[in-house]
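S.K.: Heads up: the sequence shown begins at 229 in the numbering used here, then just goes up one per residue. From the three backbone atoms N, C-alpha and C, an ideal C-beta is built for every residue, glycine too. Note that the coordinates shown come from a computational prediction; the quantities given were computed from them, not determined experimentally. One structure coming up, written as structure tokens, with questions to follow.
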Amino acid sequence: MKKTDSSIDLHCHTTASDGDFTPTQIVERAIKREITHLAISDHDTTLGIKEAQEAALKNYPGQIQIIPAIEVSTSFLNKQIHIVGLFIDEDSQVIQDLVFRQLAKRQERAQKIASKLEKLGFVGIYENIKQGLPKDSIITRGNFARYIFEHGGAKSFDEAFNHYLKRGKPAYVHSQWQDIKDAIEIIHQGGGIAILAHPKRYEMTNTKLRELIAYFKECGGEAMEVSSCQQKPSERDFLANLCLSFNLLASAGSDFHLEGAWRELGSNLVLPAKVTPIFEDPRFKERFLNLDKAHTGR
Ligand code: AMP
Ligand code: MN
Ligand code: MN
Ligand code: MN
229 MKKTDSSIDL HCHTTASDGD FTPTQIVERA IKREITHLAI SDHDTTLGIK
279 EAQEAALKNY PGQIQIIPAI EVSTSFLNKQ IHIVGLFIDE DSQVIQDLVF
329 RQLAKRQERA QKIASKLEKL GFVGIYENIK QGLPKDSIIT RGNFARYIFE
379 HGGAKSFDEA FNHYLKRGKP AYVHSQWQDI KDAIEIIHQG GGIAILAHPK
429 RYEMTNTKLR ELIAYFKECG GEAMEVSSCQ QKPSERDFLA NLCLSFNLLA
479 SAGSDFHLEG AWRELGSNLV LPAKVTPIFE DPRFKERFLN LDKAHTGR
């Protein structure tokens, strides 16, 4: 396992959505990886947060801060854009309403995807996936891709995704998600900070990407992810420059889902010197506890 170079990781997944590890297991892994600040940011759900916080408090008191977060699905220019809401109050009505709406929407979509996959020979796929998950977990295309791969339908997770689930492929189901503006408003009402997730993963031209970031900023978004695990220095530098030019704060998150993939908690997350990390901004740094114990490589 590659050495943890930053102990602050502001994006990861659990079995509450398409991660492989339960919230308790992700906390254990984070401790082994010397993480001091970990945001649990499952897709459109807050289901994993309490268990992770309880595990941290009980098993590793004072060693790790579990930051409540959510990765909200939105639509922009017909693309699915992810906004991380960091430090949300998961018990607030506005966040619970969001989770309720997204769960219903995602359940409906997952059933449509499953019925397409049934016709392609994956009998019982919806029930089988559901059976292995906690009640009310979010089923994403990632869960389907993993199932297809594990049941011999593809040679790898990526192949399963690209053959069946991507736009234009036989089990693709289009969804209209909420507007970025609405998602940011909800995150703010729920006490959180809005972060544009993995900006380079949307397969957009640089012009469109700038449009996206400009809109995100105009809607009140505070930060964008600049550092992620498997990233070339040139890409990180490109994102750091965008971050500066739009006067946004910088975030760093592994987007860790499962063992063996190239993403790992805390791996390669050092933020370039020229950007201001969200945890150094005077408005937000007090929310990060025991920052002096964190190592960030800066
Ligand atoms: P969904 O939100 O249901 O559309 O699914 C999104 C999840 O699918 C992401 O969080 C990833 O885990 C996975 N995913 C999305 N795009 C890709 C891709 N191009 N290749 C592999 N997995 C992907
Ligand atoms: Mn995912
Ligand atoms: Mn994402
Ligand atoms: Mn994610």
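#1: Does DSSP put residue 265 in a helix, in a strand, or in coil?
#2: Residue 505 and residue 478: beta carbons closer than 8 Å?
#3: Is any heavy atom of ligand 4 found at a distance shorter than 7 Å from the C-beta of residue 265?
#4: Do residue 252 and residue 293 have their beta-carbon atoms positioned less than 8 Å apart in this structure?
#5: Can you determine whether any heavy atom of ligand 6 sits closer than 7 Å to the C-beta of residue 269, and answer yes or no?
#6: From what residue to what residue does the alpha helix (DSSP H) around residue 342 run?
#7: Of all the options 498, 269, 275, which has the alpha carbon lying nearest to the alpha carbon of residue 324?
#8: Taking 8 Å as the threshold (C-beta atoms), are residue 470 and residue 309 in contact?
#9: With DSSP as the reference, label residue 484 as helix, strand or coil.
#10: Could you spell out where the alpha helix (DSSP H) holding residue 389 opens and where it closes?
#11: Which residues bound the beta strand (DSSP E) around residue 296?
#12: Looking only at C-alpha atoms, which of 404, 407, 388 sits nearest to residue 398?
#13: With DSSP collapsed to three states, give me the class of residue 493.
#14: First and last residue of the beta strand (DSSP E) that includes residue 310?
#15: Check whether the Cβ atoms of residue 350 and residue 367 sit closer than 8 Å, and answer yes or no.
#16: Could you give the C-beta distance for residue 472 and residue 428, rounded to a whole number, given that I count them as a contact under 8 Å?
#17: Return the CA-CA distance between residue 262 and residue 480, expressed in angstroms with no decimal places.
#18: Hey, would you say the C-beta of residue 299 is under 7 Å away from at least one heavy atom of ligand 3?
M.R.: According to the data block:
#1: As a first step, residue 265 is located in the sequence shown; it is residue number 37 there, counting from the start. Correct three-state label for residue 265: strand.
#2: By 1-based counting over the sequence shown, the position of residue 505 is 277. By 1-based counting over the sequence shown, the position of residue 478 is 250. It is a contact, given that the beta carbons lie within the stated cut-off.
#3: Taking the sequence shown and counting its residues from 1, the one referred to as residue 265 is at position 37. False, no ligand heavy atom lies under 7 Å from that Cβ.
#4: Taking the first residue of the sequence shown as position 1, residue 293 is located at position 65. Taking the first residue of the sequence shown as position 1, residue 252 is located at position 24. The answer is no: Cβ separation not under 8 Å.
#5: Ligands in the displayed structure: ligand 1, ligand 2, ligand 3 and ligand 4; ligand 6 is not one of them.
#6: Locating residue 342 in the sequence shown gives position 114, where the first residue counts as 1. Taken as a continuous stretch (DSSP letters only), the alpha helix (DSSP H) holding residue 342 covers 321-347.
#7: Counted from its first residue, the sequence shown places residue 324 at position 96. Looking at the Cα atoms, 275 is the closest of the given residues.
#8: Start at 1 with the first residue of the sequence shown, and residue 309 comes out as number 81. Start at 1 with the first residue of the sequence shown, and residue 470 comes out as number 242. No. Outside cutoff.
#9: Indexing the sequence shown from 1 puts residue 484 at position 256. Three-state result, residue 484: strand.
#10: Residue numbering aside, residue 389 sits at position 161 when the sequence shown is read from its first letter. Taken as a continuous stretch (DSSP letters only), residue 389 belongs to no alpha helix (DSSP H), as it is neither H nor E.
#11: Walking along the sequence shown from the start, residue 296 turns up at place 68. Segment 293-304, the beta strand (DSSP E) holding residue 296.
#12: Here the question's residue 398 lines up with position 170 in the sequence shown. Comparing Cα-Cα distances from residue 398 to each of 404, 407, 388, the minimum goes to 388.
#13: Residue mapping note: residue 493 aligns to position 265 of the sequence shown, counting from 1. Coil.
#14: The residue given as residue 310 occupies position 82 in the sequence shown. 307-314 is the extent of the beta strand (DSSP E) around residue 310.
#15: Locating residue 350 in the sequence shown gives position 122, where the first residue counts as 1. Locating residue 367 in the sequence shown gives position 139, where the first residue counts as 1. No; because the gap between Cβ atoms is not below 8 Å, this pair is not in contact.
#16: By one-based count along the sequence shown, residue 472 stands at place 244. By one-based count along the sequence shown, residue 428 stands at place 200. The pair is not a contact, with the Cβ atoms about 16 Å apart (cut-off 8 Å).
#17: By one-based count along the sequence shown, residue 262 stands at place 34. By one-based count along the sequence shown, residue 480 stands at place 252. Rounded to the nearest angstrom, the two C-alpha atoms are 16 Å apart.
#18: As a first step, residue 299 must be located in the sequence shown, where it is residue number 71. Yes - ligand 3 has a heavy atom lying nearer than 7 Å to the Cβ of residue 299.
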